[in-house]
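Protein chains in written order, with the working numbering: chain A, 1 to 90; chain B, 1001 to 1309. Virtual Cβ for every residue (Gly too), placed ideally from N, Cα, C.
Here it is in structure tokens:
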């Protein structure tokens, strides 16, 4: 999957989304916090900070303190959607 | 008249508490304790809170070349544990010194320093000694539960003393604090922290830090670009990085003493400040932000290196 600049144009949305999913999966696996079902996350309040920092460092997308909610970090898809929203709003 | 921090001193418990000891006290495994602590060293004292406070106070006075008899005001601070010991002024041998006792979470030390400055200014006094000291029993060292998926912060026995005067020293430019009543309302007893409230607590603790930091800068007439260095409690690396990012402060400006394994969030900032000053890297006009955080509150002091030092 070609990488896509987070400040991309709208033509890049699809590959960007796929990229983000790969990124989320990579980072959550590195932390060892992916549920055996392959989609759910097993984060606590300490590992979630590690995860957010890794995502921000790798994607350049700022997640922001106010988005640290259970709803945004239940599954891989939740995190991808959050990154997409944040990417669009930045 | 300007007011400044003239001297500081830190005194820690003399004994390191082992991970096994903490684990036994909290019904957890040593591995879990190690994970929770991330290299933090916890100190315990065999004396008392007031003994630690006295040691720190005497060291601070000695550094300034004065005695307790030269103090116009004594402010004694402690955490949220109940007081079972004699007043500090009695232990220091000057029972008649004007004194007050304040109690709160870790940022209380910075609030008390600013309170001392305000009293000196209002009452036309010259010197105030601010002392914070805390001791815990093994069961009282942890906020949260030593279990997976829980908030846990473990504290040392320690004391810090700060001499505020109307003379030379590190200039006190501004203070700001912020507390989250919502945070305290949400958690009730620390042991009730659950997944939802824990994340909410984390968000709140960072949010109040952002507010206090911004307000302190504003009151000092500063922007974050003009801050030379920042000293904070020694939290876990990831948490510190996250907080700095939220404050929009480059990590390079955070000063942490190499001799500073984390101990308590009230003692750490002053300990780091001492070592920053001793490093001799600051220049006249430089601004240092001194921050203290607690789970439900945060405070910052803006300090300036005077032109004459």
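Note on geometry: alpha-carbon atoms of residue 59 (chain A) and residue 1239 (chain B) lie some 19 Å from one another.
By the criterion of a C-beta distance shorter than 8 Å, residue 1180 (chain B) is surrounded in its chain by 1204, 1205, 1207, 1208, 1296 and 1297, once the five residues flanking it on both sides are discounted. Among the residues of chain B, those whose CB is under 8 Å from the CB of residue 66 (chain A) are 1203 and 1207, following chain order. Assigned with DSSP and collapsed to three states, residue 22 (chain A) falls in helix.
If you compare the alpha carbons of B:1121, B:1159 and B:1034 with that of residue 1108 (chain B), the shortest gap goes to B:1159.
Taking C-beta atoms under 8 Å as the contact rule, residue 1132 (chain B) and residue 1004 (chain B) fail to qualify, at a distance of about 19 Å. Only 1239, 1241, 1242, 1245 and 1246 from the region 1239-1259 of chain B bring a Cβ to less than 8 Å from some Cβ of chain A. At a cut-off of 8 Å between beta carbons, residue 1294 (chain B) makes no contact with chain A. Unbroken beta strand (DSSP E) stretches of 3 residues or longer found wholly inside the region 1220-1283 of chain B: 1229-1231, given in chain order. As for any alpha helix (DSSP H) of minimum length 4 sitting wholly inside the region 1025-1066 of chain B, the runs are 1030-1037 and 1049-1064, ordered along the chain. About 16 Å separates the beta carbon of residue 1110 (chain B) from that of residue 1277 (chain B), a gap too long to meet the 8 Å contact definition. For residue 1225 (chain B), same chain residues with a beta-carbon under 6 Å away, outside a window of 5 residues either side, do not exist. Here residue 50 (chain A) is not near residue 42 (chain A), since their CB atoms are 8 Å or more apart. When the Cα atoms are used, residue 1138 (chain B) and residue 81 (chain A) turn out to be separated by approximately 44 Å. The C-beta distance from residue 1287 (chain B) to residue 1227 (chain B) rounds to 5 Å, short enough to fall under 8 Å.
For residue 86 (chain A), DSSP assigns no beta-bridge partner whatsoever.
Taking the beta carbon of residue 39 (chain A) as reference, no residue of chain B falls within 9 Å; the closest one sits roughly 18 Å away. With a threshold of 16 other beta carbon atoms within 10 Å, residue 1001 (chain B) falls short and is exposed. Under the three-pair Cβ rule at 8 Å, the region 1068-1079 of chain B counts as touching the region 1120-1130 of chain B. The beta-carbon of residue 1279 (chain B) is placed no less than 8 Å from the nearest beta-carbon of chain A.
Taking a beta-carbon distance threshold of 8 Å, residue 1214 (chain B) does not count as an interface residue toward chain A. Here the alpha carbons of residue 87 (chain A) and residue 67 (chain A) stand approximately 13 Å from one another.
Boundaries cannot be given for residue 74 (chain A), as no beta strand (DSSP E) includes it and DSSP labels it neither H nor E. In this structure, residue 1047 (chain B) sits away from residue 1015 (chain B), with a CB-CB distance that is not shorter than 8 Å.
Partner residues in a beta bridge of residue 1199 (chain B), as assigned by DSSP, do not exist. Leaving aside the five residues that flank residue 1161 (chain B) on each side, the residues in its chain whose CB is nearer than 6 Å to its CB run, in chain order, 1009, 1056, 1057, 1060 and 1131. Any Cβ of chain B closer than 8 Å to the Cβ of residue 89 (chain A) would place that residue at the interface, and such an atom is absent. Annotation for residue 1243 (chain B): 1206, 1209, 1232, 1235 and 1293 place their beta carbon closer than 8 Å to its own, counting only its chain and skipping 5 residues before and after. Taken in chain order, the complete beta strand (DSSP E) segments of 3 or more residues contained in the region 1083-1138 of chain B are 1099-1103 and 1127-1134. In the structure shown, the three-state DSSP call for residue 1021 (chain B) is helix. In the structure shown, residue 1179 (chain B) falls within a strand segment according to DSSP collapsed to helix, strand and coil. Three or more beta-carbon pairs separated by less than 8 Å link the region 70-79 of chain A to the region 21-36 of chain A, which places the two stretches in contact. The contact set of residue 1174 (chain B) on chain A, defined by CB atoms closer than 7 Å, is empty, because the minimum CB distance reaches about 23 Å.
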